[in-house]
Amino acid sequence: GYLHYGMNRIDERVRRILRSDFGYRVGVLASEEIKNTLGTAMPDKAPKDVIMHATGINLAKRMPVNFDVETKPVLDACEDVVGELARLVNTVVDSAPEELSADLTDAGAVLTGGGAAMAELDRRIGQALGIPCRVADAPEGCAIRGLYRIMENPEAYSAMLMDRQSRQVW
Numbered sequence: 086g087y088l089h090y091g092m093n094r095i096d097e098r099v100r101r102i103l104r105s106d107f108g109y110r111v112g113v114l115a116s117e118e119i120k121n122t123l124g125t126a127m128p129d130k131a132p133k134d135v136i137m138h139a140t141g142i143n144l145a146k147r148m149p150v151n152f153d154v155e156t157k158p159v160l161d162a163c164e165d166v167v168g169e170l171a172r173l174v175n176t177v178v179d180s181a182p183e184e185l186s187a188d189l190t191d192a193g194a195v196l197t198g199g200g201a202a203m204a205e206l207d208r209r210i211g212q213a214l215g216i217p218c219r220v221a222d223a224p225e226g227c228a229i230r231g232l233y234r235i236m237e238n239p240e241a242y243s244a245m246l247m248d249r250q251s252r253q254v255w
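According to this note's numbering, the sequence shown is numbered sequentially starting from 86.
Structure representation (structure tokens):
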């Protein structure tokens, strides 16, 4: 399974909501900071009265302004993507080979990538899968470290990379 652009879709939704519903334009870094500050994968447990100060362009005045962002629109932006991610992970695990399923049940799942840092994502994915789930140490660098290992010793991974069945499942 594959979720196009992953957690960056939340950033795009935050920008769209701020623009269309509130009349502010913010950049990519600002929307990511808003997501990381106010967003969570468990919206029912999130405090609803948190406000974040942000800077953007007031579209009506075409001027830079400071404004407040409330939690609810950010939680709304997060929910569809996180729900879709939980369903996707569940589908992938359901189609995993039996040996891997046993390992997942015993050891749990490990979240990697920059999006893994979202508050409560490990808990949400763990609940969806019914197994323990945790965030890797330095999750944003895991893909690069894995690719580096493959490049250092491609022979050790050639069977996995060339096996058609592995590519179809994963």
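We treat Cβ as the ideally placed atom computed from N, Cα and C, and that holds for glycine.
| Query | Result |
| --- | --- |
| Considering only residues of the same chain and omitting the five flanking positions on each side of F152, which have a CB-CB separation below 7 Å? | Y109, A139 and G141 |
| With L196 as the anchor, note down where its beta strand (DSSP E) starts and where it stops. | A194 to L196 |
| Please identify the residue among V150, C163 and G215 whose C-alpha is closest to the C-alpha of T176. | G215 |
| Alpha carbon to alpha carbon, how far is A181 from T197? Give it in angstroms, no decimals. | 18 Å |
| Quick check: what's the CA-CA separation for V154 versus F107? | 9 Å |
| Look at the Cβ atom of V135, then the Cβ atom of S116, and state whether they are nearer than 8 Å. | no |
| DSSP three-state call for T125: helix, strand or coil? | coil |
| Looking at the unbroken alpha helix (DSSP H) that takes in R219, where does it start and where does it end? | Segment C218 to V220 is the beta strand (DSSP E) holding R219; no alpha helix (DSSP H) there. |
| Am I right that A194 and C218 are in contact with their C-beta atoms under 8 Å? What's the rounded C-beta distance? | 5 Å |
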